[in-house]
Each structure stands twice: as C-alpha cells, then as structure tokens.
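Comments concern the structure below.
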Amino acid sequence: MSEQPSIFDILGPIMIGPSSSHTAGASRIGYIARQLLNDKPARAVITLYNSFAKTHKGHGTDRAVVGGILGFGPDDPRIRQSFELARDEGLQWEFKFVGDSARFHSNTARVRLTGVGGGSVEVAGASLGGGRIKIQEIEGFRVDFTATTHTLVVIADDIPGSIRNISGAIADRGSNIANMYVSRSEKLANMVIEVDQSIDKETLKKIESFPWVKFVRRVEPMIDGSSRYEK
Amino acid sequence: MEFDYLSDIVAYCKREDKDMAQAMVDYEMRNKGLTREQVYDGLKRILLVMEESVDQGMTQQVITPSGMLNNWAKTIAASTVETLGSALKMATARAIAVGEVNACMGKIAAAPTAGSAGILPAVLVTMMEEHGTTRERLLDALLVTSAVGLVFAKNSSFAGSEAGCMGETGSAAAMGAAAITYLLGGTAEQILEAVGFALKASMGLVCDPVGGLVEEPCTTRNAVGVANAFVSAQMALAGIKSLIPADEVIAATKEVGDLMSPRLKESGQGGLANTKTGREIQKRVFESVRAKNR
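Chains A and B, in that order, are what the protein sequence lines are. Heads up: the first sequence runs through residues 596 to 826, numbered per this note's numbering. Heads up: the second sequence runs through residues 13 to 306, numbered per this note's numbering.
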C-alpha cells in the first residue's frame with residue numbers, strides 16, 4: 596500500500612507567509628543545511644535557481660533561507676528579521692542567482708555553509724510545494740530524500756563491508772532502517788539512511804570511529820506546528 | 013485505509029455508522045499511528061493559528077512591502093455600507109485579513125495552500141460569531157474539510173501551477189462549503205452537494221498574480237471564495253442537488269486544469285498579471301525592492 600497523505604498535509608503547514616513553496620520550503624532547505632553542518636555557521640553562500648531566483652524578493656525566499664540557516668522552523672516569526680538577526684550572530688552571507696537552469700527544479704536553493712569550527716558543507720534542495728522539500732545533493736553526491744523522518748547521511752571510502760558495518764551499527768542500537776540509498780563517485784560512497792526513530796549519539800560515535808568514514812551527520816524530521824512533533 | 017473518492021468516505025460513514033469527521037479521525041489514526049488526542053491536538057493548533065491570523069489582520073497594521081494591500085480588512089469592517097448585513101461584511105473582512113497577514117510574512121495555516129489561507133478561517137470564525145458554533149465543533153468541521161481536500165488532492169491538484177486558482181481558492185471554497193453544511197446539520201450527501209456547487213462555481217479560474225506575488229487578485233478572491241462557500245452550503249442544505257456528482261466535478265477540475273495554458277497557471281505572465289496596469293505594478297514593485305536592497 597502506498598503511503599496515504601495525512602490530513603495535516605491538507606490542513607497546514609503552519610507557516611510564515613506568503614508562499615508554502617517559496618517561503619516555508621525555502622526555510623526548510625536552509626534548516627537542513629544547518630543540521631548537516633552541525634556547527635554554528637559563520638559564512639553562507641546561497642545560490643537561488645529559476646523561479647526562486649526570479650521571485651525571491653516578493654516571497655521572502657532570501658530571508659527564509661537565512662532564517663533556516665539560523666535554525667528557525669518554517670513557522671518561526673523571526674524569519675521576518677532573519678537578516679538583522681544573522682548580522683547580530685556574526686553570520687556573513689552572500690546570494691547568487693541563476694535565472695534559467697534546466698538542470699534544476701524550478702524552486703531550487705544551493706547552500707554552502709562554513710562553520711565557526713572551520714568545517715563546511717554544501718547542500719542543494721528543491722521546494723516541491725506545500726512546504727515539502729527534497730534534498731538533491733550533498734557534497735557533490737546526488738541524493739534524494741525528504742527529511743520527513745530521521746535520516747543519517749554518511750560519506751565513506753567505498754570499501755567492501757562499509758554498508759554492512761554502518762547498517763550493523765544502527766541495528767545494534769535497536770533502530771530499524773526504513774530506507775537506504777547508496778550513490779558512488781570515484782572511491783567514495785554516499786549513504787542516506789532513513790531510520791524509524793532518532794539516531795542516538797552512541798550510534799553516531801560508533802560510525803564516526805570507523806577509519807574509512809569521512810562524514811556522518813543526522814537530520815532530524817522537520818518540526819512545525821502542524822506536525823505531530825511538539826516544539 | 014484509503015479514501016480515493018468522496019463516495020468512498022460516504023460509504024464508510026454508512027457502513028460504520030459514523031459522521032464524516034469521525035471517518036477522518038479513523039483515517040488519520042490508522043494511517044499515521046496517531047491517537048485520537050494527537051489528531052485533535054494537531055487540529056487545535058491549526059484552528060488557533062487560523063483565529064490568530066484573522067485577529068491580526070483585523071487589528072494590526074498590515075501594509076505589504078509592495079504597497080498593493082493596505083489595511084483593507086479593517087477598512088471593510090469599519091464600512092457603514094452592508095450589502096447583506098454585517099455577517100457577509102465581516103466574513104469578507106476576515107478572509108482579507110488573513111490574506112494581508114500572509115502577504116506581510118505573518119503566521120498562517122496553509123489550508124489547503126498559503127494563497128487560499130483566508131477562506132477557512134473566515135468561514136469558521138464567521139460560524140462562531142453568527143451561529144455560536146463551539147470550538148469543539150469547529151475541530152470536527154476541520155476534519156470534514158480535510159476529507160474534501162484529501163480527495164481533491166488525489167484527483168486534481170492544489171497547485172496554482174497545475175490547476176490554477178481553481179485548485180487553490182476553488183478547493184478552499186469547496187472545503188468551506190463542506191464545513192458550513194456539516195455544522196448546520198447537513199447529511200454526508202448534502203456535504204457532497206455543497207462541494208459540487210462550490211467547485212462548479214470555480215471551474216476554470218486562472219492563477220494570474222500580479223508580479224507573481226500572493227496579493228492581487230489572490231486576496232479578494234479569498235473573500236469571494238467565502239461567499240461561494242456560504243451560497244453553496246445554502247443550496248445544499250435546502251435540498252438542491254448538484255446534477256453532476258462532486259467526485260465527477262473534481263475529475264472535471266483536473267481535466268480543465270490540464271487544458272489551461274501554462275501562462276494562466278502561476279506564471280505571473282498571463283491574465284491580470286499581463287494587463288497594462290499589472291505590468292506597471294510589477295515594474296514599480298521590483299524596482300523599489302531593488303533600490304531598497306542596494
């Protein structure tokens with residue numbers, strides 16, 4: 596049976612206006628980038644494509660993405676003042692615009708974040724409407740996930756047993772893997788693993804301790820007023 | 013548990029001897045693993061945001077950055093002219109209030125979309141004011157609207173880029189008509205008739221926002237959507253039948269949406285957006301925004 600829509604896909608999301616795709620979805624892409632950075636962001640380079648590039652001003656898309664980078668959910672009124680608040684926090688940001696790119700979905704944002712600790716991450720995501728998003732690229736790897744469940748992103752040397760070891764580390768802590776996607780480039784493998792419940796720190800540490808693992812981050816499901824998750 | 017058509021939901025209600033609201037509680041509990049309390053808690057949050065967004069637009073300064081909307085809700089509420097009594101005047105003002113709050117980056121509940129977010133709050137608050145409907149009943153009415161929205165989403169589209177404004181204010185008006193019919197004691201069949209009337213009145217409505225912004229004509233179309241909801245419910249409750257059944261009307265909205273030119277579906281390039289004045293406004297708005305950001 597295919598996944599049935601929730602009544603809260605119809606009623607909701609609770610969001611800061613004016614547009615579920617150009618405001619709420621845009622803030623979520625920024626928010627995911629922040630989670631993948633896993634540090635306080637010091638610098639952000641944000642590229643808006645296609646419809647996002649053309650209409651961002653009227654829809655507050657730019658403020659929404661920066662708000663997401665600051666950790667604001669789509670229903671957080673601070674999105675309105677996100678530029679001022681980012682300045683206060685010492686975040687430097689820069690926007691680039693690509694008006695017509697057939698390569699990307701019409702509402703796409705690419706976010707490159709550098710943390711105060713020096714680490715960085717680059718994420719591209721598309722806003723699909725109704726506040727729903729799809730993350731399409733992380734660190735140059737093609738990915739495809741919606742961040743509606745607990746998600747683990749791992750980049751590791753593409754060696755035999757890497758998938759088995761990582762899925763084993765998750766299963767050892769009693770979590771069920773709902774979906775797993777693997778993509779490869781050169782000698783690296785990217786794994787996006789969707790898990791039924793939150794991935795705990797122990798599991799993360801275990802995976803980080805594998806010498807062939809380069810990058811591991813967890814993304815928690817998006818929070819908003821219309822979801823079942825209380826703020 | 014699947015509801016593909018409104019007739020499936022009516023059949024479920026008959027079989028289980030439940031009303032449409034309770035059918036939707038069963039649906040959500042079974043498919044999403046929620047408790048009844050969690051479902052109602054979610055609905056309470058939605059209703060609260062809806063009421064707050066009406067209040068904000070009716071009391072606070074709301075001037076959009078483009079200057080296109082300027083405290084219209086308060087202007088309407090304060091008007092001494094009432095075409096059909098204060099109920100219609102205030103319902104109109106409430107829908108516009110939410111549209112203004114949304115355009116000013118205020119907090120709203122997209123139901124079903126941000127561009128059509130004024131219709132259900134205006135309908136529900138007006139039911140509370142005019143009929144003394146309790147909030148508990150409004151939560152059940154929201155469940156009934158979700159039944160309509162669910163089937164509409166499956167068989168047509170909420171996206172202005174796919175179904176035009178028919179998919180946004182049209183579907184919201186149908187959801188509102190269902191809520192009113194339910195709250196005033198209509199049967200499941202009558203709820204479907206109301207949905208049919210409201211959607212037929214919205215058939216072929218294009219999405220042609222000036223400058224691509226969710227302001228003109230979205231905001232006033234929300235107000236007209238509220239009137240559509242009340243008129244459609246009035247006909248259904250009186251026992252008039254939509255000659256074309258609601259599920260078939262929904263199928264027709266899909267066909268019409270597919271036939272509509274892409275220019276008339278949220279491109280900002282056709283219809284009102286492409287009028288002489290519409291283009292002038294777009295030029296002025298984006299030039300002033302550019303100047304401000306320099």
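Glycine is no exception: its CB is placed at the ideal position from the N, C-alpha and C atoms.
Does any CB atom of chain B fall closer than 8 Å to the CB of residue i?
i       : result
K652(A) : yes
S821(A) : Below a pLDDT of 50, predicted positions are generally treated as unreliable, and S821(A), at 36, falls in that range; no measurement from the model is reported.
I641(A) : no
S793(A) : no
F647(A) : no
G724(A) : yes
Y824(A) : The predicted model places Y824(A) with a pLDDT of 30, which falls under 50 and marks its position as unreliable, so this point remains unresolved.
P672(A) : yes
Q599(A) : yes
G607(A) : yes
G663(A) : no
G763(A) : no
S614(A) : yes
R682(A) : no
I602(A) : yes
P816(A) : no
I624(A) : no
R698(A) : no
I611(A) : yes
R675(A) : yes
Within the 8 Å Cβ cut-off, does residue i reach chain A?
i       : result
S158(B) : yes
I88(B)  : no
M13(B)  : yes
G290(B) : no
V113(B) : yes
N43(B)  : yes
P274(B) : no
S78(B)  : yes
I58(B)  : yes
I252(B) : no
P229(B) : no
M36(B)  : yes
E28(B)  : no
L150(B) : no
Would residue i count as contacting chain C if we go by Cβ distances under 8 Å?
i       : result
L155(B) : In summary, chain C is missing from the structure at hand, where the protein chains are A and B.
With DSSP as the reference, identify every bridge partner of residue i, one or two as the case may be.
i       : result
L632(A) : Answer is none; L632(A) lacks a bridge partner.
S722(A) : I728(A)
R149(B) : Note: R149(B) sits in no beta bridge, so no partner.
I750(A) : N785(A) and F810(A)
N82(B)  : I75(B)
T92(B)  : Paired residue(s): none; T92(B) is not in a bridge.
P737(A) : The sequence given here places Arg at residue 737(A); Pro does not occur at that position. DSSP, once it has assigned bridges, lists E732(A) as partnering R737(A).
C219(B) : K277(B)
A200(B) : DSSP, once it has assigned bridges, lists no residue as partnering A200(B).
Inspect the beta-carbon positions of residue i and residue j and report whether they are closer than 8 Å.
i       : j       : result
I624(A) : V738(A) : no
R658(A) : F690(A) : no
A742(A) : P816(A) : yes
G710(A) : A628(A) : no
G144(B) : G172(B) : no
P229(B) : L154(B) : no
E63(B)  : P133(B) : yes
N240(B) : A185(B) : yes
I855(A) : S778(A) : Lying before the first or after the last residue shown, residue 855(A) is absent from chain A, which here runs from 596 to 826.
G179(B) : G237(B) : no
Given this structure, state the Cα-to-Cα distance separating residue i from residue j, to the nearest angstrom.
i       : j       : result
L799(A) : E14(B)  : 37 Å
V218(B) : A165(B) : 18 Å
G756(A) : G663(A) : 36 Å
V790(A) : V61(B)  : 31 Å
S244(B) : G45(B)  : 35 Å
T703(A) : I605(A) : 23 Å
A639(A) : A681(A) : 10 Å
L204(B) : M36(B)  : 15 Å
L255(B) : N167(B) : 20 Å
A213(B) : A109(B) : 23 Å
S780(A) : L665(A) : 31 Å
L18(B)  : T157(B) : 11 Å
A200(B) : I21(B)  : 9 Å
F298(B) : L225(B) : 11 Å
P274(B) : A210(B) : 24 Å
A107(B) : Y776(A) : 45 Å
M117(B) : K101(B) : 25 Å
E684(A) : G208(B) : 53 Å
Got a sec: does the ligand SAM put a non-hydrogen atom nearer than 7 Å to the Cβ of residue i?
i       : result
G625(A) : The ligand SAM is not among the ligands present in this structure, which contains no ligands whatsoever.
What residue ranges within the region 623 to 671 of chain A form continuous beta strand (DSSP E) runs of no fewer than 3 residues, ordered along the chain? Counting whole runs of 3 or more residues, the region 623 to 671 of chain A contains the beta strand (DSSP E) stretches 636 to 644.
Unbroken alpha helix (DSSP H) runs of length 4 or more, entirely within the region 23 to 74 of chain B: which are they? Correct list: 32 to 44 and 48 to 71.
Could I get the ranges of all uninterrupted beta strand (DSSP E) runs contained in the region 678 to 711 of chain A, with 3 residues as the minimum, in chain order? Runs found: 687 to 693 and 702 to 710.
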